[in-house]
Amino acid sequence: MALPSYTETRYRIWHYIYIGICTFVFFFLIAPLFVIFPLSFNAEEFLVFSEGMKRLDPDAFSFRWYHEMVYGTKNPWGLAAKNSFIIAIFATIGSIILGTLAALGLSSRHMPYKGIIMAILISPMIVPLIISGVAIFFFMAKVGLAATHTGIVLAHIILGTPFVVITVTATLSGFDHSVTRAAASLGSNPVNTFMKITLPLILPGVISGGLFAFVTSFDEVVVVLFLAGLENTTIPVQMWTGLREQLSPTILAVATCLILLSTLILISAELLRRRSERLRGINR
Amino acid sequence: MSSETKQILTTDGIPLEVSLKKAEKKNKIKAFFLVAPLLFFLFLTYVFPIGEMFTRSIDDKMVTNMLPKTFKAMEKWDGKELPPEEVFAGFYLDFKLLVENQTQGKLGQRLNKEKNGFNSITKKLLRQIKRNKIDESISIKEQIMKVHKNWRNVEYWQAIKRTAPPYTFAKYLKGMDMYFAPDGSIAQVDEDRRIHRILWLRTLEIALFVTIFCFLMGYPIAHLLATLPMKYSNLLMICVLLPFWTSLLVRTASWMILLQQQGVVNDFFVMIGLVSDDSRPEMMYNKVGTYVAMTQILLPFMVLPLYSVMKTISPSLMRAGKSLGGTPFVAFWKVYFPLTIPGIGAGCLLVFILAIGYYITPALVGGASGTLISNQIAYHMKTTLDWSFASAMGLMLLSGVLVIYWIYNKLVGVDNIKLG
Numbered sequence: 001m002a003l004p005s006y007t008e009t010r011y012r013i014w015h016y017i018y019i020g021i022c023t024f025v026f027f028f029l030i031a032p033l034f035v036i037f038p039l040s041f042n043a044e045e046f047l048v049f050s051e052g053m054k055r056l057d058p059d060a061f062s063f064r065w066y067h068e069m070v071y072g073t074k075n076p077w078g079l080a081a082k083n084s085f086i087i088a089i090f091a092t093i094g095s096i097i098l099g100t101l102a103a104l105g106l107s108s109r110h111m112p113y114k115g116i117i118m119a120i121l122i123s124p125m126i127v128p129l130i131i132s133g134v135a136i137f138f139f140m141a142k143v144g145l146a147a148t149h150t151g152i153v154l155a156h157i158i159l160g161t162p163f164v165v166i167t168v169t170a171t172l173s174g175f176d177h178s179v180t181r182a183a184a185s186l187g188s189n190p191v192n193t194f195m196k197i198t199l200p201l202i203l204p205g206v207i208s209g210g211l212f213a214f215v216t217s218f219d220e221v222v223v224v225l226f227l228a229g230l231e232n233t234t235i236p237v238q239m240w241t242g243l244r245e246q247l248s249p250t251i252l253a254v255a256t257c258l259i260l261l262s263t264l265i266l267i268s269a270e271l272l273r274r275r276s277e278r279l280r281g282i283n284r
Numbered sequence: 285m286s287s288e289t290k291q292i293l294t295t296d297g298i299p300l301e302v303s304l305k306k307a308e309k310k311n312k313i314k315a316f317f318l319v320a321p322l323l324f325f326l327f328l329t330y331v332f333p334i335g336e337m338f339t340r341s342i343d344d345k346m347v348t349n350m351l352p353k354t355f356k357a358m359e360k361w362d363g364k365e366l367p368p369e370e371v372f373a374g375f376y377l378d379f380k381l382l383v384e385n386q387t388q389g390k391l392g393q394r395l396n397k398e399k400n401g402f403n404s405i406t407k408k409l410l411r412q413i414k415r416n417k418i419d420e421s422i423s424i425k426e427q428i429m430k431v432h433k434n435w436r437n438v439e440y441w442q443a444i445k446r447t448a449p450p451y452t453f454a455k456y457l458k459g460m461d462m463y464f465a466p467d468g469s470i471a472q473v474d475e476d477r478r479i480h481r482i483l484w485l486r487t488l489e490i491a492l493f494v495t496i497f498c499f500l501m502g503y504p505i506a507h508l509l510a511t512l513p514m515k516y517s518n519l520l521m522i523c524v525l526l527p528f529w530t531s532l533l534v535r536t537a538s539w540m541i542l543l544q545q546q547g548v549v550n551d552f553f554v555m556i557g558l559v560s561d562d563s564r565p566e567m568m569y570n571k572v573g574t575y576v577a578m579t580q581i582l583l584p585f586m587v588l589p590l591y592s593v594m595k596t597i598s599p600s601l602m603r604a605g606k607s608l609g610g611t612p613f614v615a616f617w618k619v620y621f622p623l624t625i626p627g628i629g630a631g632c633l634l635v636f637i638l639a640i641g642y643y644i645t646p647a648l649v650g651g652a653s654g655t656l657i658s659n660q661i662a663y664h665m666k667t668t669l670d671w672s673f674a675s676a677m678g679l680m681l682l683s684g685v686l687v688i689y690w691i692y693n694k695l696v697g698v699d700n701i702k703l704g
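Listed in order, the protein sequences are those of chains A and B. Mapping of the first sequence onto the numbering used here: residues 1 to 284, in sequence order. Mapping of the second sequence onto the numbering used here: residues 285 to 704, in sequence order.
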């Protein structure tokens with residue numbers, strides 16, 4: 001963003017102000033995440049930087065809270081992590097299957113009432129979670145699935161499918177349908193065509209939608225708070241109770257692990273996006 | 285040439301037009317069957333339950349089912365003076381049945397909400413019935429009227445009559461701080477008890493300001509990301525995407541650490557001498573905390589749609605504007621800005637929709653003055669267990685969101701939502 005040499009002074013000043021504003025906003029976005037790292041190594045049990053930490057005294061830092069997170073007595077994180085992963089994995093699988101099928105149908109130019117159906121399928125992403133939570137709770141209570149893993153998985157499939165529908169429809173928008181016709185003319189049946197031709201081509205979209213669905217489920221707390229019993233507690237539920245009641249640095253240790261996890265997911269999502277754009281021939 | 289010879293036939297002798305329509309229909313059904321599983325699943329577990337919230341919110345069958353004989357007898361009563369003997373007799377029989385099933389307490393509580401004092405006079409009546417003091421062979425009206433002076437008060441009987449319809453919109457009125465007055469008109473609650481209106485206004489205010497803040501902060505960086513060379517912008521994009529992918533609770537937790545009184549932000553203010561050490565401002569558990577945290581959390585939803593629109597604007601347009609004599613400001617305002625309006629619309633509507641239903645962040649950093657309508661819904665679902673009121677408020681919020689969603693769909697189209 002070098003300025004041409006003939007730029008007038010006032011535009012030069014304006015340009016530096018603009019860069020300054022942008023720097024501030026980027027800092028505002030990313031800095032809060034980094035305050036968690038050092039504090040999770042705090043040797044004391046307060047959520048503030050101790051005097052020792054400010055002096056960078058090595059004794060003020062410890063792995064105490066990570067130890068507590070894994071081995072602590074009566075600590076809920078193990079069960080919560082197990083539940084979170086089980087629920088998120090099954091919800092992701094369900095979302096991918098239902099969402100991909102629906103996206104395939106929606107991308108067909110023969111699909112009737114496309115607009116209204118799309119609006120309904122996306123709505124769980126738009127409707128405030130608290131309302132979804134109330135509605136889903138009423139349903140699950142009626143069919144006897146409240147406070148079960150199955151109920152939470154179903155609820156997260158509802159919330160996760162819009163992401164899969166959106167990403168797969170976007171991938172299919174650049175999809176050349178003549179390749180499936182070519183496969184059909186060569187004698188392949190529809191299922192075979194889908195598995196051998198369509199799926200490999202839309203796979204990046206499917207996986208990136210799946211990542212969204214996974215994160216949505218893994219991070220979701222409002223609906224789980226309505227549905228979960230003591231047995232179904234998840235990481236976000238534990239963080240929610242922790243932040244409301246006993247603020248302990250163990251939460252920060254957990255948060256650090258979650259940030260590392262989201263970094264991993266971000267990297268995979270970015271790589272997938274680039275691969276998908278390459279496959280669809282979009283050059284930017 | 286006749287029209288029949290003009291008609292093109294397929295090899296098996298069917299007119300092409302018919303055959304084509306048949307194939308088209310088959311394709312339509314095929315496409316629909318792919319969507320059907322998800323659509324069916326969503327209708328069963330999501331759309332119908334939301335509809336059920338409506339029936340739940342207007343449901344008032346409890347008293348209707350508890351006092352069938354009373355309401356049957358009341359049909360002939362004009363409601364102006366004390367009801368006739370039949371109404372008293374009907375009420376006595378209904379009440380006796382409730383006593384046998386031990387559910388008369390619920391009736392007392394429900395009627396007490398309609399008019400104060402019912403709890404005690406139903407308990408009095410209960411005692412008389414338990415002691416077999418009521419003689420069914422003589423006038424029941426006289427005996428009930430002797431139980432307590434309020435049973436002789438026509439207003440109490442009018443209150444019972446008001447609970448007769450199986451449906452009521454009272455919960456919706458309550459959500460707007462109004463109620464049905466005894467004469468059936470709609471009245472406002474006392475000024476110092478209008479809590480819900482404050483919450484609605486606060487929710488709108490916070491959603492609006494968060495949208496504005498997000499726009500003011502998101503526009504410059506989206507512009508920078510769209511104009512920088514790829515290798516730099518990819519790196520900076522991480523600053524937007526990492527918070528986007530990070531758990532909401534983690535981000536809220538980090539703001540709780542930053543904004544607390546001994547927190548990093550206050551430390552910084554003390555360090556640069558903005559405030560003195562013993563007068564650190566309270567930045568959490570109030571609106572400031574809600575604004576700051578929600579803006580940071582929703583900012584990516586503003587930047588991503590803006591970025592995807594700005595990316596498509598050719599830089600030569602700005603150069604053309606400048607070469608035609610516009611200053612950089614004029615070129616920006618007349619050429620660049622109008623082209624970004626679709627992105628602004630998409631980003632603002634998305635942020636507004638998300639902000640208006642926010643729950644977790646306001647509950648954790650908002651304190652009492654930062655709670656929003658969603659928190660109130662959760663409170664009634666979990667604490668007071670007034671599910672019909674929670675449903676009514678939820679549907680009022682939902683109708684607002686659906687209007688914005690409809691506008692969004694018209695302006696942007698749901699299939700144009702960009703993720704990452």
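C-beta atoms are modelled at their ideal positions from N, C-alpha and C, and glycine is treated no differently. Small disclaimer: the values here were computed from a predicted structure and weren't measured.
Worksheet item: Considering only C-alpha positions, which residue in the set S404/B, R340/B, L351/B, I637/B is nearest to L138/A?
Response: Position 138 of the first sequence, counted from the first residue, corresponds to residue 138/A. This sequence places Phe at residue 138/A; Leu is not what is there. Measuring from the Cα of F138/A, the nearest candidate turns out to be R340/B.
Worksheet entry | Spatial distance of I13/A from I122/A (CA atoms) | Taking the first residue of the first sequence as position 1, residue 13/A is located at position 13. Taking the first residue of the first sequence as position 1, residue 122/A is located at position 122. Whole-angstrom Cα-Cα distance: 45 Å.
Worksheet item: Who does I470/B pair with in a DSSP beta bridge?
Response: Locating residue 470/B in the second sequence gives position 186, counting from the first residue. I470/B pairs with F464/B.
Worksheet item: Rounded to a whole number of angstroms, what is the C-alpha to C-alpha distance between V554/B and N42/A?
Response: Residue 554/B sits at position 270 when you count from the first residue of the second sequence. Residue 42/A sits at position 42 when you count from the first residue of the first sequence. C-alpha of V554/B to C-alpha of N42/A: approximately 22 Å in a straight line.
Discussion item. Is there a C-beta anywhere in chain A that falls below 9 Å from the one on M337/B?
Written reply: Taking the first residue of the second sequence as position 1, residue 337/B is located at position 53. Yes, contact with chain A.
Item to complete: Give a yes or no on whether the minimum CB-CB distance between Y642/B and chain A is below 9 Å.
Response: By one-based count along the second sequence, residue 642/B stands at place 358. Closer than 9 Å to some Cβ of chain A, the Cβ of Y642/B qualifies, so yes.
Worksheet item: Should A286/A be flagged as near chain B, meaning a C-beta pair shorter than 9 Å?
Response: Absent from the structure is residue 286/A, since the part of chain A shown begins at 1 and ends at 284.
Practice prompt. Compare the C-alpha of Q238/A against each of G133/A, L79/A, S40/A, F24/A and name the closest.
Written response: The residue you call residue 238/A lines up with position 238 of the first sequence. Among G133/A, L79/A, S40/A, F24/A, the Cα nearest to that of Q238/A belongs to L79/A.
Fill in: Local conformation of F553/B per DSSP, three classes
Mapped onto the second sequence, residue 553/B falls at position 269. Note: F553/B maps to helix in three-state DSSP.
Practice prompt. Could you spell out the range, first to last residue, of the alpha helix (DSSP H) harbouring A307/B?
Written response: Translated into the one-based positions of the second sequence, residue 307/B becomes position 23. From DSSP, the alpha helix (DSSP H) with A307/B extends over 300-326.
Discussion item. Does D343/B come out as helix, strand or coil in the three-state DSSP assignment?
Written reply: For the purposes of this step, residue 343/B is identified with residue 59 of the second sequence, where counting begins at 1. Three-state result, D343/B: strand.
Worksheet item: Nearest CA to the CA of L366/B: which residue from R477/B, N434/B, F325/B, L686/B?
Response: Start at 1 with the first residue of the second sequence, and residue 366/B comes out as number 82. The option with the nearest alpha carbon to L366/B is N434/B.
Worksheet item: Short check: CB of I422/B to CB of K380/B, under 9 Å?
Response: Taking the second sequence and counting its residues from 1, one reaches residue 422/B at position 138. Taking the second sequence and counting its residues from 1, one reaches residue 380/B at position 96. No.
Worksheet item: With distances taken between CB atoms, is the gap from I657/B to W484/B smaller than 9 Å?
Response: Working through the second sequence from its first residue, we reach residue 657/B at position 373. Working through the second sequence from its first residue, we reach residue 484/B at position 200. Taking 9 Å as the Cβ cut-off, I657/B and W484/B qualify as a contacting pair.
Discussion item. Does chain A have any CB closer than 9 Å to the CB of R340/B?
Written reply: On the second sequence, residue 340/B is found 56 positions in, with the first residue counted as 1. Interface residue, yes.
Worksheet item: Is it buried or exposed for S162/A, if we count other Cβ within 10 angstroms and need 16 for buried?
Response: As a position in the first sequence, residue 162/A is number 162, starting the count at 1. It is Pro, not Ser, that sits at residue 162/A in the sequence shown. The residue is buried, with at least 16 neighbouring Cβ atoms inside 10 Å.
Discussion item. If you measure between the beta carbons of V224/A and W77/A, is that distance less than 9 Å?
Written reply: In the first sequence, counting from the first residue as 1, residue 224/A sits at position 224. In the first sequence, counting from the first residue as 1, residue 77/A sits at position 77. No. Outside cutoff.
Item to complete: If I'm right that A91/A touches H149/A with Cβ under 8 Å, what's the distance once you round it to whole angstroms?
Response: On the first sequence, position 91 is the one that residue 91/A refers to. On the first sequence, position 149 is the one that residue 149/A refers to. A91/A to H149/A, Cβ: 10 Å. No contact.
Discussion item. Quick check on the DSSP output: what are the complete alpha helix (DSSP H) runs of length 4 or more inside the stretch 40-104 of chain A, in order along the chain?
Written reply: 51-54, 64-71
Worksheet item: Can you tell which of Y689/B, N693/B, L608/B has the C-alpha that lies nearest to the C-alpha of P128/A?
Response: Here residue 128/A corresponds to residue number 128 of the first sequence, with the count starting at 1. Ranking Y689/B, N693/B, L608/B by Cα distance to P128/A puts Y689/B first.
Practice prompt. Starting from V48/A, find everything on chain B with Cβ-Cβ shorter than 7 Å and list it in chain order.
Written response: As a working mapping, residue 48/A is identified with position 48 in the first sequence. Within chain B, Q546, G547 have C-beta atoms less than 7 Å from the C-beta of V48/A, given in sequence order.
Worksheet item: V696/B and P626/B: beta carbons closer than 9 Å?
Response: Within the second sequence, the letter at position 412 stands for residue 696/B. Within the second sequence, the letter at position 342 stands for residue 626/B. The answer is yes: Cβ separation under 9 Å.
Discussion item. Measuring CB atoms only, is the stretch 397-406 of chain B touching the stretch 349-365 of chain B, in the sense that at least three cross pairs come out at less than 8 Å?
Written reply: Not touching, per the Cβ criterion.
Discussion item. Let me make sure I understand the geometry here. Which of K618/B, A615/B, M586/B has the alpha-carbon closest to that of I496/B?
Written reply: The residue you call residue 496/B lines up with position 212 of the second sequence. Selected option, being the one with the closest Cα: M586/B.
Worksheet item: Three-state secondary structure (DSSP) at L271/A?
Response: Here residue 271/A refers to the residue found at position 271 of the first sequence. Three-state result, L271/A: helix.
Worksheet item: Which ranges does the alpha helix (DSSP H) cover as unbroken runs of at least 4 residues, wholly within the stretch 570-601 of chain B, from first to last along the chain?
Response: Segments of the alpha helix (DSSP H) lying fully in the stretch 570-601 of chain B: 571-594.
Worksheet item: Sorted by chain position, which residues of the same chain lie with C-beta nearer than 8 Å to L243/A's C-beta, five sequence neighbours on each side aside?
Response: Here residue 243/A refers to the residue found at position 243 when the first sequence is read from its first residue. So the list reads I251, once near-sequence residues are dropped.
Discussion item. Can you tell me whether S675/B is buried or exposed? The criterion is at least 16 other CB atoms within 10 Å of its CB, across all chains shown.
Written reply: Start at 1 with the first residue of the second sequence, and residue 675/B comes out as number 391. Classification of S675/B: buried, given that the 10 Å Cβ count is 16 or more.
Item to complete: State the DSSP-derived secondary structure class of L293/B, mapped to helix, strand or coil.
Response: Locating residue 293/B in the second sequence gives position 9, counting from the first residue. Reduced to three states, the DSSP call for L293/B is strand.
Discussion item. Is there a C-beta anywhere in chain D that falls below 9 Å from the one on S188/A?
Written reply: No chain D is present in this structure, whose protein chains are A and B.
Worksheet item: When the cut-off is 9 Å and only beta carbons count, does W529/B lie next to chain A?
Response: Walking along the second sequence from the start, residue 529/B turns up at place 245. Yes, its Cβ sits closer than 9 Å to a Cβ of chain A.
Worksheet item: Using a C-beta cutoff of 9 Å, does C523/B count as contacting chain A?
Response: As a first step, residue 523/B must be located in the second sequence, where it is residue number 239. Yes, C523/B counts as interfacial toward chain A.
Item to complete: Check whether the Cβ atoms of M578/B and Y642/B sit closer than 9 Å, and answer yes or no.
Response: In the second sequence, the residue the question calls residue 578/B occupies position 294. In the second sequence, the residue the question calls residue 642/B occupies position 358. For M578/B and Y642/B, yes; Cβs fall inside 9 Å.
Fill in: Sequence-distant residues of its chain with Cβ nearer than 6 Å to F214/A (five each side left out)
Residue mapping note: residue 214/A aligns to position 214 of the first sequence, counting from 1. Excluding residues within five positions, the ones whose Cβ falls inside 6 Å are A88, T92.
Worksheet item: Is the stretch 328-347 of chain B touching the stretch 131-146 of chain A, taking contact as three or more C-beta pairs under 8 Å?
Response: yes
Worksheet item: Checking contacts by CB at 9 Å: is G78/A closer than that to chain B?
Response: Walking along the first sequence from the start, residue 78/A turns up at place 78. No, no contact with chain B.
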